[in-house]
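Chemist: Line by line, the protein sequences give chains A and B.
The working numbering numbers the first residue of the first sequence as 1 and each following residue consecutively.
The working numbering numbers the first residue of the second sequence as 188 and each following residue consecutively.
Note that the Cβ used here is the ideal one computed from N, Cα and C, for glycine as well.
Quantities reported herein were computed from a predicted structural model and do not represent experimental measurements.
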Amino acid sequence: MSDERQRPSSHETARGSPPTGRQPDMTDQQQSVASVIHSWHMPLARPNILKALLSIQEHVGYVPPESIPQIAEALGVTESQIAGVLTYYPDLHTHQRGGHLIRLCLGEACIANRGMRLLAELTDELRIGFGGTTIDGRFTLERVYCLGNCGVGPTVMVDDVIYGRVTGAALRTLLQRCQGGSQEPAS
Amino acid sequence: MATRVYLSNDTSARAAGADQLANAWSLDSEIQITRTSSRGALFLEPLVERDGTNGRLLWPLAKPDDLPRIKAGLGGIEISKVPFLARQQRAVFAHFGMAEPLSLANYQATNGWRGIERAAGLSPDGIIAEMKVSELRGRGGAAFPVWEKWDIARRTHAECKYVVANADEGDAGTYCDRMIMEGEPFRLIAGMLICAKAIGADRGYIYCRWEYPAAAATMQAAIDACQRGGLLTVDGKKFQLEVFRGAGSYVCGEETALLSSLEGGRGMVKVRPPYPAVAGLYGKPTIVSNVLTFATVTEIFSRGAAWHASLGTARSKGTVALQLSGRIKQPGLVEIPFGASLGEVIEQFGGGMADGAQFKAVQVGGPLGSLFPASQLHIKLCFAEFHEAGAVLGHGGIVVFDHETDMVELARHYMTFTADESCGKCAPCRIGSMRGRELLERIHNGQGTAADLALLADLGDTMKATSLCAHGARGPYPVLTAIEHFGDEFQKKLQARSGHI
């Protein structure tokens, strides 16, 4: 389609370095953001802010708020538009989260199956609430409104893996495995 | 020769332990494991199957050390002997549990492309005429006649048009869209292609919530497979199809918010009209339909519109995909014609209450649906009866709560959800849900007064009457129906305070 202009490759400078060049006042995060921006092939007439922010988050782990001007410039939109999208979506994050993401499902099916008891278990064990990260940076606890695993709830998602029929004991085992750095799935 | 063993690769099967079985048995050369779509009999997961003389043999709730029994063929249950499955009248989900989701050959073997082949021989008008005969209504929740929407988009002139599958299945207690995308992704693609032909679209999107990573990955792989096979075409022209990942906003399931999000912006609701069928994505005519709706379109063109219109009740044609969960014995997917009663479904398919649990309430239609007490279980599952009762079938989620459920706590949860997920566009929803949450927190903490309860009812009425979209307008329903049917629990919380004074 006519509006699908690709980012001109002549924009590139030295191989591997972002088009703007390394600036001494840039943080490491801003450098990482710059290299993600460098890899974009975004149609310029129709920049997709959400897609852009998700791609930064995928590579950097979060979207550093100090990068907002940089992203706005690259997309040709205002900083407030970027900030607007960034603050709207629950799954866009503005700070580094813990090494392991523990997500507790708060859908009604999980609540019916005593999912809230798992919250007590988690706060007891980790000493954090929703949105919190443990002091050692190992865990972040988040809530999620339904993972579509309602038939085998209550449900907990640990990093990318969804676990069903989770009991307090199974949850403690899961956390211990994370502590030990083991990749073994919990039973 | 190695024995073929079937194991579902669906998210819920894996969450229940299917991967552990696959890992434990992976080195056994006497068996060959085929990962399939899900039967939807989730209470049986992890479920292992083998081919038998009368259809599949089932080993439910399998454990790694069950393998010798399975190899020897001992103790398997014939599939026809599982009432949960045998009593259903499956159409869209007829082949679920049978085949590998990403095998084009398997899909072809079940005549999966028959619908699109038949539609290819029809004109756009002819397709819409079939849709009209079928009387299919949108399955996402709004239940709008599908043919009417398509006809508006077809008649609107534009240089490009879009087809969007709404895969933002955010209603808690629903999972049939996820099952379709993970289990029979080609079925969704076929339905979208039929729609594209009818309205004259050359581009489509599947807006998939992030909470469904496996569904998004399967859809992407299915699109790639279709592309390689030269199947992504409409009237010989290329149809571009893309999976777009959401970022956790419930309101993005509302079509105008979804389109704002698809354009990369905040997922804010817009005032309608204009409807997306006239001016949707980037201002162009756009059909936004639920995954199950497109999946049903495929079936309608395969079996004929008259088949679809012959099922169900006077105003709700076809089958309904009910997703049972909560404190029942047999949670899972049930596909039957519209018209069965809520109580029948809970008893006959749900198998009644889980051990030790007594029925208290059932919620139908997700967080925007209503709560029903035992005295209302005779209500028939169809659009008309639910409409009369002031309730919605929504996306077919049925969550059963037991005697231990604290209804005040549950009401507080609902209002917290409404407040958390409000897009903020209109004041009744943005401010109303926040004040509602505060009132319920006060009541829940034993600090509420009778005036608070009256104010909550008044607030609910205002939200119902004045919110811009269903999120604010239907958000108060579970709270108000909880107060209506379980008022004494709310009263007790108030009394606790007066007693103290």
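Could one say the Cβ of TRP246/B lies closer than 8 Å to chain A's Cβ atoms, at least one of them?
Modeler: So, not an interface residue.
Chemist: Measuring CA to CA, which of ASP589/B, SER557/B, ILE487/B is closest to GLU575/B?
Modeler: Measuring from the Cα of GLU575/B, the nearest candidate turns out to be SER557/B.
Chemist: Got a sec, what are the start and stop residues for the alpha helix (DSSP H) GLY239/B sits in?
Modeler: Premise fails: GLY239/B lies in the beta strand (DSSP E), 235-239, not in any alpha helix (DSSP H).
Chemist: In this structure, how does DSSP classify SER17/A when only helix, strand and coil are distinguished?
Modeler: Any reading at SER17/A is ruled out, since the residue's pLDDT is 42, under 50, leaving its predicted position unreliable.
Chemist: Please tell me whether ALA434/B has its Cβ less than 8 Å away from any Cβ of chain A.
Modeler: At least one chain A Cβ lies under 8 Å of ALA434/B.
Chemist: Within the chosen definition, does the region 498-515 of chain B reach the region 276-289 of chain B through at least 3 CB pairs nearer than 8 Å?
Modeler: Contact holds: three or more Cβ-Cβ distances are below 8 Å.
Chemist: Per the contact definition of three or more C-beta pairs closer than 8 Å, is the region 563-573 of chain B in contact with the region 625-632 of chain B?
Modeler: They do not touch, by the three-pair rule.
Chemist: So which of PRO518/B, GLY387/B, GLU369/B has the shortest CA-CA distance to GLU471/B?
Modeler: Reading off the sequence, residue 471/B comes out as Lys, not Glu. When each option's Cα is compared against that of LYS471/B, the closest is GLY387/B.
Chemist: Beta carbon of LEU597/B, beta carbon of LEU564/B: below 8 Å?
Modeler: In this structure, LEU564/B does not lie closer than 8 Å to LEU597/B by Cβ.
Chemist: Counting contacts by CB-CB distance shorter than 8 Å, is CYS178/A in contact with chain B?
Modeler: Not one chain B Cβ lies under 8 Å of CYS178/A.
Chemist: If you run the structure through DSSP and keep just helix, strand and coil, what is GLU522/B?
Modeler: Residue state, collapsed to three classes: strand.
Chemist: Can you name the start and end residues of the beta strand (DSSP E) that LYS547/B belongs to?
Modeler: Counting along the chain, the beta strand (DSSP E) containing LYS547/B begins and ends at 546-551.
Chemist: Are the C-beta atoms of LEU229/B and some chain A residue less than 8 Å apart?
Modeler: By this cut-off, LEU229/B is an interface position.
Chemist: Would GLU450/B and PRO463/B qualify as a contact pair, given that the criterion is a beta-carbon distance under 8 Å?
Modeler: No, the Cβ-Cβ distance between GLU450/B and PRO463/B is not below 8 Å.
Chemist: What separation, rounded to the nearest whole angstrom, lies between the Cα atoms of GLY552/B and LYS258/B?
Modeler: C-alpha separation (whole angstroms): 42 Å.
Chemist: On the CB-based measure, 16 or more other CB atoms within 10 Å of its CB, does MET1/A come out buried or exposed?
Modeler: Its pLDDT being 38, under 50, MET1/A is placed unreliably by the model, and nothing is read from it.
Chemist: If you measure from the beta carbon of PHE677/B to each beta carbon in chain A, is any gap under 8 Å?
Modeler: No, because no Cβ of chain A sits closer than 8 Å to the Cβ of PHE677/B.
Chemist: Since I believe ARG622/B is in contact with LEU646/B (beta carbons under 8 Å), could you give me their beta-carbon distance rounded to a whole number of angstroms?
Modeler: That belief holds up - the Cβ atoms of LEU646/B and ARG622/B are roughly 6 Å apart, short of 8 Å.
Chemist: Can you list, in chain order, the residues of its chain with a C-beta nearer than 6 Å to that of GLU317/B? Leave out the 5 residues immediately preceding and following it.
Modeler: Same-chain partners within the cutoff: ALA492.
Chemist: Would you mind reading off the limits of the beta strand (DSSP E) that contains VAL586/B?
Modeler: Run containing VAL586/B: 584-589, per the beta strand (DSSP E) assignment.
Chemist: Chain B partners of TYR89/A, CB-CB under 7 Å?
Modeler: Per Cβ cutoff of 7 Å: ALA434, GLY435, SER436.
Chemist: Compute the Euclidean distance between the alpha carbons of THR592/B and ASP197/B, then round it to the nearest angstrom.
Modeler: Going from the Cα of THR592/B to the Cα of ASP197/B covers about 30 Å.
Chemist: In terms of alpha-carbon separation, which member of ASP238/B, SER225/B, ARG226/B lies closest to GLN219/B?
Modeler: It is ASP238/B.
Chemist: For a minimum of 4 consecutive residues, which ranges assigned as the alpha helix (DSSP H) are wholly contained in the region 602-676 of chain B?
Modeler: Runs found: 614-631, 637-653, 657-661, 663-672.
Chemist: Distance, Cα to Cα, ASN113/A vs ASN149/A?
Modeler: When rounded, the distance between both Cα atoms is 12 Å.
Chemist: Less than 8 Å between the beta carbons of SER195/B and ALA202/B, yes or no?
Modeler: The answer is no: Cβ separation not under 8 Å.
Chemist: Do the region 430-440 of chain B and the region 344-359 of chain B make contact, defined as three or more Cβ pairs closer than 8 Å?
Modeler: As far as the Cβ criterion goes, the region 430-440 of chain B touches the region 344-359 of chain B, which means the pair count is three or higher.
Chemist: Could you tell me which of TYR437/B, PRO524/B, ALA330/B sits nearest to GLU398/B, measuring between CA atoms?
Modeler: The candidate whose alpha carbon is nearest that of GLU398/B is TYR437/B.
Chemist: With a threshold of 6 Å on Cβ separation, who are the neighbours of GLU486/B within its own chain once the five nearest residues in sequence on each side are excluded?
Modeler: Excluding residues within five positions, the ones whose Cβ falls inside 6 Å are ALA278, VAL279.
Chemist: Cα separation between GLY423/B and ILE303/B?
Modeler: Distance between the alpha carbons of GLY423/B and ILE303/B is about 13 Å.
Chemist: Please tell me whether TYR62/A and ARG453/B are closer than 8 Å, where the distance is taken between their beta carbons.
Modeler: No, Cβ-Cβ distance for TYR62/A and ARG453/B is not below 8 Å.
Chemist: Which value, in whole angstroms, describes the spacing of the CA atoms of GLY262/B and VAL456/B?
Modeler: Looking at the two C-alpha atoms, the distance is approximately 54 Å.
Chemist: Exposed or buried, GLU236/B, counting other C-beta atoms within 10 Å across all chains shown (16 or more means buried)?
Modeler: GLU236/B is buried by the Cβ-count criterion.
Chemist: Using only CA atoms, which one of GLY153/A, PRO154/A, VAL158/A lies nearest to GLU142/A?
Modeler: When only C-alpha atoms are compared, the closest one is VAL158/A.
Chemist: Report the partner residues of GLN219/B according to the DSSP bridge assignment.
Modeler: GLN219/B pairs with ARG191/B.
Chemist: Here's the rule: buried if 16 or more other CB atoms are within 10 angstroms of the residue's CB, otherwise exposed. What is ILE688/B?
Modeler: Note that ILE688/B has pLDDT 45, beneath the 50 cutoff, so the model's placement of it is unreliable and no number is given.
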